[in-house]
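Chemist: If you count by mature numbering (1 follows the signal peptide of the UniProt record, and there is no 0), then the sequence shown holds residues -25 to -1, 1 to 103, one letter each, in order. Beta carbons: idealized from backbone N, C-alpha and C, even for Gly. Following this message is one structure expressed as C-alpha cells.
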Amino acid sequence: MSKLKIWRQWPLVGVLLLLPTLAHSVPDDGYKLIRICSVFIRLVDNPTQPANAFETSQAGECMGFMRGMRYMFRIQEAMHNSSVCMPKISNLDYVKSIVAYGNAHQELLAENESTMVIRSAAKLYPCK
C-alpha cells in the first residue's frame, strides 16, 4: 500500500478514536449534574461502600466538570471579572453546596449544567 493511501485513511481512524468520547459526554442539564454529583458525594462520604464501574465513572464525570467550573471562577476572579468569589473550601464541600442549592432551587435544574452552576455559585459565593 502506498504512503498516499495510508494517509487517506487517517481521518477515518481519527473519527473512530473519538467515538467513545462522543458517547460519554458531559452532563446536559442540572438534573443530570445533580444526579451524578449525588453519586460522587455518596461515594466520598462512604468510602468503604462498594461502587460499580458506572458509579465510579459518574463520580469522575461530576468531579471533572465541577473542578473545571471552579478553575473558571478562579481565573475570572484573578482577572477581576467575576460575580463568583470562591472561598477556600474543599472540592467536596463545593460540590455539596451546588447540589444542595440545586435541590432547593429546582427551577435551575432544567438549564444547561454550566448555567446552573454559574447561577448557583453566584448566589452562594458572591464577590463582595
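1) Just the Cα atoms here: how many angstroms apart are residue 101 and residue 21?
2) Spatial neighbours of residue 41 within its chain, please: C-beta separation below 6 Å, excluding the five flanking residues on both sides.
3) One question on the structure: do residue 91 and residue 77 come within less than 8 Å of each other, judged by their Cβ atoms?
4) Which of helix, strand or coil does DSSP assign to residue 3?
5) Taking 8 Å as the threshold (C-beta atoms), are residue 35 and residue 88 in contact?
6) Note down the Cα distance separating residue 108 from residue 25, rounded to an integer number of angstroms.
7) Short of 6 Å in beta carbon distance, which residues of its chain neighbour residue 86, apart from the five on each side in sequence? Order them along the chain.
Modeler: Inspection of the coordinates gives the following:
1) Rounded to whole angstroms, residue 101 to residue 21 spans 31 Å at the Cα level.
2) So the qualifying residues of the chain are 70.
3) Result yes, Cβ atoms of residue 91 and residue 77 sit closer than 8 Å.
4) Residue 3: coil per DSSP, three-state reduction.
5) The beta carbons of residue 88 and residue 35 sit no closer together than 8 Å.
6) In the structure as shown, the chain begins at -25 and stops at 103. Residue 108 is therefore absent and cannot be evaluated.
7) Excluding residues within five positions, the ones whose Cβ falls inside 6 Å are 5.
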